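Student: For what it's worth, our numbering labels the leading residue of the sequence shown as 54, then goes sequentially.
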Amino acid sequence: MLPIIKIFNKMEISIPYKNKVIPAVISCLSLKKMDLNKRIVLTHGAGGDLKTPQLSAMASFFADQEFAILRFTCKGLNIKYRINVFTNVLMYLNKEYNPKGIFIGGRSMGARAAVLITLDTDYLQNSSVFKKILGVICLSYPLHKAGNTSDLRDEPLKKSKLPVFFLSGTKDEMCEKKIFEKVLISIKSPYKLHWLDGCNHSAKPINDYQDEMYRIAFNEILQWCLSISNNV
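(1) Report all residues from its chain with a CB closer than 8 Å to the CB of alanine 77; omit the five preceding and five following residues, and keep chain order.
(2) Would you please verify whether the beta carbon of histidine 97 is less than 9 Å from any beta carbon of chain B?
(3) Which stretch, first to last residue, makes up the beta strand (DSSP E) that contains isoleucine 93?
(4) Per DSSP, what kind of secondary structure is phenylalanine 218 in: helix, strand or coil?
(5) Name the residue from Trp277, Pro258 and Asn283 whose alpha carbon lies nearest to the alpha carbon of alanine 325.
(6) By the DSSP assignment, the beta strand (DSSP E) with tyrosine 244 in it spans what residues?
(7) So what does DSSP say about arginine 135, is it helix, strand or coil?
(8) Between methionine 87 and the rest of its own chain, which residues show a CB-CB distance below 6 Å, the 5 nearest in sequence each way excluded?
(9) Are the segment 236-245 and the segment 262-272 touching, with three or more C-beta to C-beta distances below 8 Å?
(10) Taking the alpha carbon of serine 255 as the reference point, which residue from Met227, Lys245 and Phe233 has its own alpha carbon closest?
(11) Go ahead and label glycine 100 buried or exposed: buried means 16 or more other beta carbons lie within 10 angstroms of its beta carbon, across all protein chains shown.
(12) For isoleucine 93 and asparagine 201, what's the separation of their Cα atoms in angstroms?
(13) Below 8 Å on the Cβ atoms is my contact criterion, and I expect cysteine 191 with alanine 164 to pass it. Report the Cβ-Cβ distance as a whole number of Å.
(14) Look up lysine 63 in the DSSP assignment and say whether it is helix, strand or coil.
(15) Assign isoleucine 269 to one of two classes, buried (16 or more other C-beta atoms within 10 Å of its C-beta) or exposed (fewer than that).
(16) CA-CA distance, isoleucine 79 and phenylalanine 115?
(17) What span of residues does the alpha helix (DSSP H) with serine 113 cover, start to end?
(18) What's the C-alpha gap between asparagine 137 and aspartate 225?
(19) Under 9 Å between the Cβ atoms of isoleucine 170 and phenylalanine 139?
(20) Counting C-beta neighbours from all protein chains within 10 Å, is the total for leucine 210 16 or more, i.e. buried, or is it exposed?
(21) Whole angstroms is fine: what's the gap from cysteine 252's alpha carbon to glycine 154's?
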């Protein structure tokens with residue numbers, strides 16, 4: 054018996070933000086709004102865009118599992134700007150699709166923005182979309198700058214109250230393994246950690262994102278998301 058091949062859709066959208074638009078793509082099996090309740094919103098690191106290979110691979114994997122994944126591009130190195138744009142994307146998503154629950158995340162700087170946005174009382178605390186955020190997915194969270202482990206970006210993690218999934222490489226030059234594991238001891242929110250053996254901050258696989266290493270990692274994230282969303 055031949056396996057069932059699922060073909061997912063990609064819908065390009067432009068999200069208004071002040072005097073510009075934010076380019077975004079929604080990957081999903083069905084474009085019907087009522088079928089898009091399981092949602093993940095992802096953004097890239099400092100030098101990438103929505104086509105960053107890791108994000109594209111994750112979108113394909115989750116779309117095949119009947120999730121709708123929105124990826125968006127936000128160029129800029131100012132973390133406050135990244136938070137503002139992320140907030141705007143979430144409010145647009147809530148207005149246009151009214152999902153039951155949302156997982157937010159990103160890689161590197163995008164992961165920082167995702168964590169910080171859940172702590173931002175100026176925007177989301179008074180918005181209905183804030184209550185729909187179920188958890189945060191951090192791909193290669195930049196705990197510190199490369200070569201400087203004395204200045205850690207750990208305070209947002211310690212303040213977070215939402216479940217967090219961390220996917221990091223064991224040789225990440227911006228998240229030293231021993232230091233990160235020590236930080237996790239002081240985190241109060243529930244978290245799950247998966248190490249990509251031998252990967253640095255870029256988290257690139259040896260061959261491609263269909264490697265067993267990434268299939269296992271993405272499946273762990275999937276099971277984590279399902280365990281949380283099924284209890285809502």
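Idealized CB from N, CA, C, for every residue including glycine.
For clarity, every value in this text was computed on a predicted model and none was experimentally measured.
Tutor: The answer reads as follows:
(1) Within the sequence shown, numbered from 1, the residue matching residue 77 stands at position 24. Closer than 8 Å at Cβ, skipping near neighbours: Glu65, Ile66, Ser67, Ile68, Leu103, Leu123, Arg124, Phe125, Thr126 and Val142.
(2) Going by chain labels, chain B is absent from the structure shown, which holds only one protein chain.
(3) Taking the sequence shown and counting its residues from 1, one reaches residue 93 at position 40. Where isoleucine 93 is concerned, the enclosing beta strand (DSSP E) stretches over 91-96.
(4) By 1-based counting over the sequence shown, the position of residue 218 is 165. Strand at phenylalanine 218.
(5) Because the chain is modelled from 54 through 285, residue 325 falls outside the range shown and cannot be assessed.
(6) Within the sequence shown, the letter at position 191 stands for residue 244. That run of the beta strand (DSSP E) goes 244-249.
(7) Walking along the sequence shown from the start, residue 135 turns up at place 82. Helix.
(8) If you number the sequence shown from 1, residue 87 lands on position 34. Interpretation of methionine 87 is limited by its pLDDT of 49, a score under 50 that renders its predicted location unreliable; the figure taken from the coordinates is listed afterwards. The answer is none, since no qualifying residue turns up.
(9) no
(10) Along the sequence shown, read from residue 1 onward, the residue named residue 255 stands at position 202. Per the Cα distances, Met227.
(11) Position 47 of the sequence shown, counted from the start, is the residue given in the question as residue 100. The residue in question, glycine 100, is exposed, as its Cβ has fewer than 16 Cβ neighbours within 10 Å.
(12) To locate residue 93, count along the sequence shown from 1; it is residue 40. To locate residue 201, count along the sequence shown from 1; it is residue 148. Answer to the nearest angstrom: the Cα atoms are 32 Å apart.
(13) Looking up residue 191 in the sequence shown gives position 138. Looking up residue 164 in the sequence shown gives position 111. Correct: roughly 4 Å between the Cβ atoms.
(14) The residue you call residue 63 lines up with position 10 of the sequence shown. Note: lysine 63 maps to strand in three-state DSSP.
(15) Counting from one through the sequence shown, the residue named residue 269 turns up at place 216. Looking at its Cβ environment, which holds fewer than 16 other Cβ atoms inside 10 Å, isoleucine 269 is exposed.
(16) Here residue 79 corresponds to residue number 26 of the sequence shown, with the count starting at 1. Here residue 115 corresponds to residue number 62 of the sequence shown, with the count starting at 1. If I take the Cα positions, the gap works out to 11 Å.
(17) As a position in the sequence shown, residue 113 is number 60, starting the count at 1. Run containing serine 113: 106-117, per the alpha helix (DSSP H) assignment.
(18) One-based indexing of the sequence shown puts residue 137 at position 84. One-based indexing of the sequence shown puts residue 225 at position 172. Looking at the two C-alpha atoms, the distance is approximately 27 Å.
(19) Along the sequence shown, one-based indexing puts residue 170 at 117. Along the sequence shown, one-based indexing puts residue 139 at 86. Cβ atoms of isoleucine 170 and phenylalanine 139: closer than 9 Å.
(20) Mapped onto the sequence shown, residue 210 falls at position 157. It counts as buried.
(21) In the sequence shown, the residue the question calls residue 252 occupies position 199. In the sequence shown, the residue the question calls residue 154 occupies position 101. Going by the C-alpha atoms only, they are around 31 Å apart.
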